[in-house]
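K.L.:
Using this note's numbering, you'd call the opening residue of the sequence shown number 12 and step up by one each time.
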Amino acid sequence: MESSFPDLTWNIQGDRKVSGWSGDNLDKAEALAESIGSNALMVIQHGQVIRQWGDIQFKSSMASVRKSIMSALIGIAVNEGSLSLEATLAELAIDDKLLLTAREKSATVADLLNCRSGVYHPSVYDNPIGRPARAAYAPGEYWFYNNWDFNVLGSIHRNAVSMSTSEAIETHLAAPLRMQDFQRPDCFLLEGGESIHPVYKLRMSCRDLARFGLLYLQGGKWKGRQVIPEQWILESTFPHTADISSYTDFVKHKGRGYGYMWWTATVDGFAKGIYSGFSCFYASGYGGQFLVVIPDLDLVVAHTVACVDQGISHEQMGLLLQLITAAAPQPHGHSNHISDS
């Protein structure tokens with residue numbers, strides 16, 4: 012079935028009208044969402060709303076989902092020639108309060124996108140847990156989920172395109188996708204004493220987040236316009252680090268990969284987390300902000316919470332996904348053992 016796109020508002024098809032969808036399983040998913048404190052949930056297939064629940068226009072703090080948004084902006088800048096993935100921190104005149112060494116300055120934009128900069132400095136919104144010692148690894152050598160990398164990418168992008176992050180989101184994403192709720196003040200910078208590179212904060216509604224997910228599901232194209240290069244969609248959602256459990260002590264990460272500021276999960280998923288019975292890529296923010304794209308089902312699932320400090324876990328989101336994918340019509344020849352169980 013050919014996908015459609017929302018106009019000013021989403022087209023609500025409804026699971027009762029779509030052949031093959033199990034309304035009972037979606038009822039269970041909705042009940043679970045309500046019980047665990049979800050604020051909003053949208054299930055989109057073929058560009059149409061199959062089920063939505065909660066306050067889909069409430070603008071939630073996106074937490075680390077912001078990083079996947081920045082990945083899109085960087086892809087656009089690379090395509091326009093404003094930025095190169097091979098550019099080094101030295102070439103981009105990037106430094107920080109602790110002063111980078113020559114080896115640290117050899118890290119490239121691609122290294123930062125992959126969480127492999129080898130720069131282990133304090134950052135705004137820092138989480139020092141597990142952070143390697145300075146100079147422990149060379150650029151490109153080791154994967155570490157590093158807020159320094161993410162914040163510096165924001166600085167690099169703003170310098171490259173000569174516009175604020177909020178203006179870039181409005182110009183390159185919100186306007187072409189006709190987002191219903193985003194406004195420039197929803198993205199702002201937060202500075203701190205740890206680093207000269209601020210964190211870019213973002214608020215977004217569930218229904219606008221779902222539009223961003225649909226854009227990625229459609230290979231970066233929106234109503235015939237190539238908003239983000241298709242090659243960038245493929246590269247950024249490819250697991251350049253195929254299994255992050257190789258770099259952590261937690262079995263729960265088995266099968267979880269990382270692209271250019273996007274997470275990936277294999278068919279088998281991992282023991283405690285985003286496990287749906289299908290391969291997927293997703294954006295994840297602390298406390299329960301999730302945008303999950305499952306290409307095999309032509310499916311987007313957007314989920315938000317109102318207060319991240321009282322949000323939901325990866326495990327709970329995984330249970331929601333299992334109910335949703337079990338409710339969906341299964342592709343020919345695919346046996347989803349979640350729905351079979």
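Where is the CB? At the ideal position from N, CA and C, for every residue including glycine.
1) Look up threonine 182 in the DSSP assignment and say whether it is helix, strand or coil.
2) With a floor of 3 residues, list each beta strand (DSSP E) that falls wholly inside the stretch 270-330, ordered by position along the chain.
3) Rounded to a whole number of angstroms, what is the C-alpha to C-alpha distance between tryptophan 64 and alanine 51?
4) By DSSP's criteria, isoleucine 23 is part of a beta bridge. Which residues make up the other side?
5) Using the C-alpha atoms, what's the distance from alanine 337 back to serine 350?
6) What residues in its chain sit with their C-beta under 6 angstroms from that of glutamate 41, if we drop five residues either side in the sequence?
7) Could you say which of Asp192, Val278, Gly322 lies nearest to leucine 19 if we only look at CA atoms?
8) Does the beta-carbon of lysine 108 have 16 or more other beta-carbons within 10 angstroms, so that it is buried, or is it exposed?
9) Give, in chain order, every unbroken run of the beta strand (DSSP E) that is at least 3 residues long and sits entirely within the stretch 178-262.
10) Under the assumption that leucine 220 contacts alanine 313 (Cβ atoms under 8 angstroms), give the Cβ distance between them as a whole number of angstroms.
11) By the DSSP assignment, the beta strand (DSSP E) with lysine 70 in it spans what residues?
12) Tell me whether isoleucine 167 sits in a helix, a strand or coil according to DSSP, three-state version.
13) Rounded to the nearest angstrom, what separates alanine 101 and alanine 179 at their Cα positions?
14) Would you check if the distance between the CB atom of alanine 144 and the CB atom of tyrosine 156 is smaller than 8 angstroms?
15) Pairs of beta-carbons, one from the stretch 110-122 and one from the stretch 201-218, closer than 8 angstroms: are there three or more?
16) So, are the CB atoms of isoleucine 67 and arginine 236 less than 8 angstroms apart?
17) Please report the distance separating the alpha-carbon of alanine 282 from that of methionine 328.
18) CA-CA distance, aspartate 279 and asparagine 36?
19) Hey, leucine 302 and valine 76 are a contact pair by Cβ (cut 8 angstroms); roughly how many whole angstroms apart?
20) Should aspartate 160 go down as buried or exposed, given a rule of 16 or more other Cβ atoms within 10 Å for buried?
21) Assuming glycine 268 contacts isoleucine 255 under a Cβ cut-off of 8 angstroms, what Cβ separation, rounded to an integer in Å, is found between them?
22) Could you give the C-beta distance for serine 15 and histidine 57, rounded to a whole number, given that I count them as a contact under 8 angstroms?
23) Can you give me the C-alpha to C-alpha distance between aspartate 320 and methionine 73, rounded to a whole angstrom?
24) As a quick exercise: from Arg195, Ile305, Gly322, Arg189, pick the residue whose alpha carbon is nearest that of arginine 222.
P.N.:
Considering the structure as presented:
1) Within the sequence shown, residue 182 is the residue found at index 171, counting from 1. Helix.
2) 274-276, 291-296, 300-305, 310-315
3) Within the sequence shown, numbered from 1, the residue matching residue 64 stands at position 53. Within the sequence shown, numbered from 1, the residue matching residue 51 stands at position 40. Cα to Cα, the separation comes out at about 6 angstroms.
4) For the purposes of this step, residue 23 is identified with residue 12 of the sequence shown, where counting begins at 1. Val60.
5) Mapped onto the sequence shown, residue 350 falls at position 339. Mapped onto the sequence shown, residue 337 falls at position 326. Legend: pLDDT at serine 350 = 46, less than 50; position of this residue unreliable, value from coordinates given subsequently. The alpha-carbon atoms of serine 350 and alanine 337 are separated by roughly 4 angstroms.
6) Working through the sequence shown from its first residue, we reach residue 41 at position 30. Around glutamate 41: Trp64.
7) By 1-based counting over the sequence shown, the position of residue 19 is 8. Measuring from the Cα of leucine 19, the nearest candidate turns out to be Asp192.
8) Sequence index remark: in the sequence shown, residue 108 carries index 97 (1-based). Classification of lysine 108: exposed, given that the 10 Å Cβ count is below 16.
9) 198-203, 206-216
10) Taking the first residue of the sequence shown as position 1, residue 220 is located at position 209. Taking the first residue of the sequence shown as position 1, residue 313 is located at position 302. Between alanine 313 and leucine 220 the Cβ distance is about 5 angstroms, and since that is below 8 angstroms, they are a contact.
11) Numbered from 1 along the sequence shown, position 59 holds the residue referred to as residue 70. Where lysine 70 is concerned, the enclosing beta strand (DSSP E) stretches over 70-72.
12) Working through the sequence shown from its first residue, we reach residue 167 at position 156. Three-state result, isoleucine 167: helix.
13) By one-based count along the sequence shown, residue 101 stands at place 90. By one-based count along the sequence shown, residue 179 stands at place 168. If I take the Cα positions, the gap works out to 24 angstroms.
14) On the sequence shown, position 133 is the one that residue 144 refers to. On the sequence shown, position 145 is the one that residue 156 refers to. Cβ distance not < 8 angstroms, so alanine 144 and tyrosine 156 don't count as in contact.
15) no
16) On the sequence shown, position 56 is the one that residue 67 refers to. On the sequence shown, position 225 is the one that residue 236 refers to. Cβ atoms of isoleucine 67 and arginine 236: not closer than 8 angstroms.
17) Position 271 of the sequence shown, counting from 1, holds the residue named residue 282. Position 317 of the sequence shown, counting from 1, holds the residue named residue 328. With a pLDDT of 47 at alanine 282, under the threshold of 50, the predicted position of this residue should be treated as unreliable, though the coordinate-derived value follows. Between alanine 282 and methionine 328, the C-alpha separation is close to 13 angstroms.
18) Mapped onto the sequence shown, residue 279 falls at position 268. Mapped onto the sequence shown, residue 36 falls at position 25. Those two C-alpha atoms are separated by around 21 angstroms.
19) Translated into the one-based positions of the sequence shown, residue 302 becomes position 291. Translated into the one-based positions of the sequence shown, residue 76 becomes position 65. Indeed they touch by this definition, with Cβ atoms about 6 angstroms apart.
20) Looking up residue 160 in the sequence shown gives position 149. Looking at its Cβ environment, which holds 16 or more other Cβ atoms inside 10 Å, aspartate 160 is buried.
21) Numbered from 1 along the sequence shown, position 257 holds the residue referred to as residue 268. Numbered from 1 along the sequence shown, position 244 holds the residue referred to as residue 255. Indeed they touch by this definition, with Cβ atoms about 7 angstroms apart.
22) Residue numbering aside, residue 15 sits at position 4 when the sequence shown is read from its first letter. Residue numbering aside, residue 57 sits at position 46 when the sequence shown is read from its first letter. Serine 15 to histidine 57, Cβ: 7 angstroms. Contact.
23) On the sequence shown, position 309 is the one that residue 320 refers to. On the sequence shown, position 62 is the one that residue 73 refers to. Aspartate 320 and methionine 73: Cα-Cα distance of roughly 12 angstroms.
24) The residue labelled residue 222 in the question sits at position 211 within the sequence shown. Selected option, being the one with the closest Cα: Arg189.
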